[in-house]
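Under numbering that gives the first Met the number 0, residue 321 is the last one in the sequence shown; the count climbs by one each step, no gaps.
All C-beta atoms, glycine included, are put in the ideal place defined by N, C-alpha and C.
A quick note: this is a predicted structure, and the numbers were derived from the prediction, not measured.
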Amino acid sequence: MRAFDFTAARTLPEALRLAGPGSAFLAGGTTLVDLMKLDVLAPGRVIDINRLPLHGIRQARDGLRIGALERMSDVARHPKTYPVIAEALALSASPQLRNMASIGGNLLQRTRCGYFRDVHMACNRRQPGSGCAALTGDNRTHAILGTSDACVATHPSDLAVALVALDASMRLVSRSGERLVRLAAFYRPPGDTPQVENDLRPGELITEVVVPRLPWARHSTYVKVRDRSSYEFALASAAVALDVRGGVIREARVAAGGVGTVPWRLPAVEAALRGKPPTRATFEAAAAPAADGARPLRGNAFKVTLLKRTIVRALTSLEGRS
Ligand code: SF4
């Protein structure tokens, strides 16, 4: 780990004033400190933001507002949290990490591609232009959707998948003002610039997440398929919510994780569900186009089938609760 300046900000204006080139905000530290120890990140200044008033979970007129410094475990337990969000959080990381990690940090966590975390390997995301060791190396856990010749890393956050399904937004503040950005527009597929992972601008800080009012999304769930039953990232996951009335699906939300370079909303699957009865035959037919456009690698072609089965399992188990 390299030497760095450490400052604990007491107010939001102070934190924004301290932010500059080469600085990093510290909340739970569960990603940042790891990557600093590995020499993947080397900020010259670390700004502790844990004293800032960015806590609270409340129902507002525009939806459910979740403070960026709320811990994952607290959001998962909160009665106002939609089931798909609570389950995505409960299936993430380990209890110790969920008690430390913040919601804002979860949404900004870096990829878990092993080559990204090893400074001796080629990685365009860590060192632009150096190549991508995963293309010819071990790519079993990598993405099949949204990939490029420069990077095939999956987005690691389960929470982001649930939030993209619910069309949530995040509020970002900087010295220039504030803006509300839809999560679906925030994350960037790698293209030719995998080092640019999202739309966060220099000096910006996430202050809260806003989940639009969606009463029928109380009928929602998150299914995560992984190599072991805890403390593991998704091979494939599905966030689903259904509005079923009179034996017909009126509205549906479906997004996938573990398969895309960004949280992957599936509008074609949602469209195929609308107007149909909530049966297994409907679910299987709707999931059929889920992997359209996939570019499987040598080690992860199994994800094409796994993704469709994960969606069917999520929809079937959700309807089983009704
Ligand atoms: Fe780096 Fe992306 Fe290739 Fe992994 S997949 S080695 S993160 S460029």
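Residue nearest to residue i in terms of C-alpha spacing, selected from the options
| i | options | result |
| --- | --- | --- |
| residue 156 | 115, 120 and 232 | 232 |
| residue 82 | 286, 200 and 240 | 240 |
| residue 261 | 117, 37, 107 and 60 | 107 |
| residue 43 | 31, 3 and 69 | 3 |
| residue 72 | 121, 61, 64 and 95 | 95 |
| residue 109 | 186, 304 and 62 | 186 |
| residue 111 | 201, 37 and 177 | 37 |
| residue 18 | 173, 295 and 313 | 173 |
| residue 104 | 117, 31, 90 and 116 | 31 |
| residue 26 | 56, 60, 258 and 100 | 100 |
| residue 212 | 243, 41 and 57 | 57 |
| residue 161 | 144, 90 and 175 | 90 |
| residue 243 | 286, 218, 285 and 254 | 218 |
| residue 263 | 291, 60 and 284 | 291 |
| residue 266 | 238, 33, 227 and 146 | 238 |
| residue 268 | 313, 225 and 132 | 313 |
| residue 311 | 7, 230, 210 and 223 | 223 |
| residue 293 | 255, 318 and 279 | 255 |
| residue 324 | 183, 229 and 201 | Since the first and last residues shown for the chain are 0 and 321, residue 324 lies out of range. |
| residue 61 | 169, 199, 228 and 227 | 169 |
| residue 21 | 54, 201 and 92 | 201 |
| residue 80 | 305, 1, 130 and 158 | 158 |
| residue 227 | 52, 24 and 92 | 92 |
| residue 229 | 87, 286 and 129 | 87 |
| residue 198 | 175, 171, 216 and 210 | 171 |
| residue 225 | 284, 305 and 279 | 305 |
| residue 33 | 15, 54 and 1 | 1 |
Paired residues, beta bridge with residue i - DSSP
| i | result |
| --- | --- |
| residue 172 | 177 and 204 |
| residue 223 | 236 |
| residue 242 | 250 |
| residue 112 | In the DSSP output, where bridge partners are listed per residue, residue 112 has none listed. |
| residue 150 | Answer is none; residue 150 lacks a bridge partner. |
| residue 332 | Given a span of 0 to 321 for the chain in the structure shown, any question on residue 332 remains unanswerable. |
| residue 144 | 259 |
| residue 281 | Paired residue(s): none; residue 281 is not in a bridge. |
| residue 65 | 56 and 208 |
| residue 25 | 47 |
| residue 4 | 44 |
| residue 264 | 254 |
| residue 186 | 197 |
| residue 70 | 101 |
Per-residue burial, residue i [other beta carbons within 10 Å of its own, 16 or more giving buried]
| i | result |
| --- | --- |
| residue 307 | buried |
| residue 97 | buried |
| residue 85 | buried |
| residue 35 | buried |
| residue 295 | buried |
| residue 114 | buried |
| residue 221 | buried |
| residue 118 | exposed |
| residue 320 | exposed |
| residue 282 | buried |
| residue 5 | exposed |
| residue 70 | buried |
| residue 29 | buried |
| residue 245 | exposed |
| residue 41 | exposed |
| residue 146 | buried |
| residue 59 | exposed |
| residue 286 | buried |
Rounded distance between the beta-carbons of residue j and residue i, thought under 8 Å
| i | j | result |
| --- | --- | --- |
| residue 248 | residue 214 | With 8 Å as the limit, residue 248 and residue 214 do not qualify as a contact, their Cβ atoms being about 16 Å apart. |
| residue 235 | residue 315 | 15 Å between Cβ atoms; not a contact. |
| residue 39 | residue 116 | 6 Å |
| residue 144 | residue 259 | 4 Å |
| residue 210 | residue 167 | 4 Å |
Legend entry - Touch test, the region 138-156 against the region 293-311, Cβ-Cβ under 8 Å, three pairs minimum: yes
Legend entry - contact_flag[the region 6-13, the region 41-48] where n(CB pairs < 8 Å) is 3 or more: With a cut-off of 8 Å, the region 41-48 and the region 6-13 count as touching, because enough Cβ pairs lie within range.
Legend entry - the region 272-288 contacting the region 175-183, beta-carbon criterion three pairs below 8 Å: no
Inset, instruction - Spell out a yes or no on whether the region 55-71 and the region 200-207 are touching, meaning 3 or more CB-CB pairs, one atom from each, closer than 8 Å. - result: yes
Legend entry - Given 8 Å, three or more beta-carbon pairs between the region 142-154 and the region 186-197: yes
Legend entry - the region 110-127 contacting the region 191-199, beta-carbon criterion three pairs below 8 Å: yes
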